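Colleague: Take this structure first; my questions come after.
Chains as they are written, first to last, in this note's numbering: chain A, 172 to 277; chain B, 177 to 326.
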């Protein structure tokens, strides 16, 4: 799976794309965890701007990334969330455990 | 006695429990409810609920086999969409437990939030399961009426 990422000053941005559902979740989790293990970022940003749909499988992706960052004493930021994925994350109360960065999309 | 429902339109699809069909089921329900002129938010909620229900069939009803999933949808008077998703899988032993947020018998790639999301995104949600026989999920969602074209 082609998931692009960008590393600068131990800040890793991972660009998630397409539909995040159970069909793709395992692979997405593996790729995100591998990237965190490889680069050991202090801040990991999951960029949702190209995400077209997300169900509760996306919550598991966020929780797995959060667990990895906590092991590193790092932070996890969720950025550029379109309304539908944001609604799913809020239904699960994710904003209480992960930082959601609200910013205008480019 | 249950009152007979008058449907304005109906559809039924049946597909095997391959995970690739999660996206198919979402696309089908999105096409079907297009005639109700849903808002983007409503469409998102409906697709999410269907995705959760179909995923549960794939992950839990048929854990070690490919089985059949039947999805029915109907439009009822008052701009209400009804969705029924049925499997003939293993059934749920303890529905109360299954409904608890964060509870899952799945692996770390499952969040245990599927039923909670279906309940909060739909106006009506019921689940009926017979252990060893299968599970049926009934959902309804009332949509806002937009414009005057009907």
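In this text, a Cβ means the ideal position worked out from N, Cα and C, and glycines have one as well.
Remember, predicted model here, so these are calculated numbers, not experimental data.
(1) In angstroms, rounded to a whole number, what distance separates the CA positions of residue 292 of chain B and residue 183 of chain A?
(2) How is the beta strand (DSSP E) around residue 211 of chain B delimited, first residue to last?
(3) Which residue or residues does DSSP assign as beta-bridge partners of residue 318 of chain B?
(4) Beta-carbon separation of residue 233 of chain A and residue 265 of chain A under 8 Å?
(5) Answer yes or no: does any C-beta atom of chain A fall closer than 8 Å to that of residue 234 of chain B?
(6) For residue 306 of chain B and residue 268 of chain B, what's the separation of their Cα atoms in angstroms?
(7) Where does residue 180 of chain B sit, in a helix, a strand or coil, going by DSSP?
(8) Which residues does DSSP list as the beta-bridge partners of residue 216 of chain A?
(9) Could you spell out where the alpha helix (DSSP H) holding residue 228 of chain A opens and where it closes?
(10) So, is the C-beta of residue 271 of chain A closer than 8 Å to a C-beta in chain B?
(11) Assess, as a yes-or-no matter, whether the region 216-229 of chain A is touched by the region 244-262 of chain A under the definition of 3 or more beta carbon pairs within less than 8 Å.
(12) Between residue 277 of chain A and chain B, is any beta-carbon pair separated by less than 8 Å?
Modeller: Answer, in terms of the structure:
(1) Whole-angstrom Cα-Cα distance: 32 Å.
(2) Careful: residue 211 of chain B lies outside any beta strand (DSSP E) and carries neither H nor E.
(3) According to DSSP, residue 318 of chain B shares a beta bridge with B:256.
(4) Going by beta carbons, residue 233 of chain A and residue 265 of chain A fall inside the 8 Å limit.
(5) Using a CB distance cut-off of 8 Å, residue 234 of chain B counts as an interface residue toward chain A.
(6) Going from the Cα of residue 306 of chain B to the Cα of residue 268 of chain B covers about 7 Å.
(7) Here residue 180 of chain B sits in coil by DSSP.
(8) The partner list for residue 216 of chain A (beta bridge, DSSP) reads A:184, A:248.
(9) From DSSP, the alpha helix (DSSP H) with residue 228 of chain A extends over 227-242.
(10) Taking CB atoms only, residue 271 of chain A has no neighbour in chain B less than 8 Å away.
(11) With a cut-off of 8 Å on Cβ pairs, the region 244-262 of chain A is in contact with the region 216-229 of chain A, counting three or more such pairs.
(12) Because residue 277 of chain A sits at a pLDDT of 46, beneath the cut-off of 50, its placement in the model cannot be relied upon, and the point is left open.
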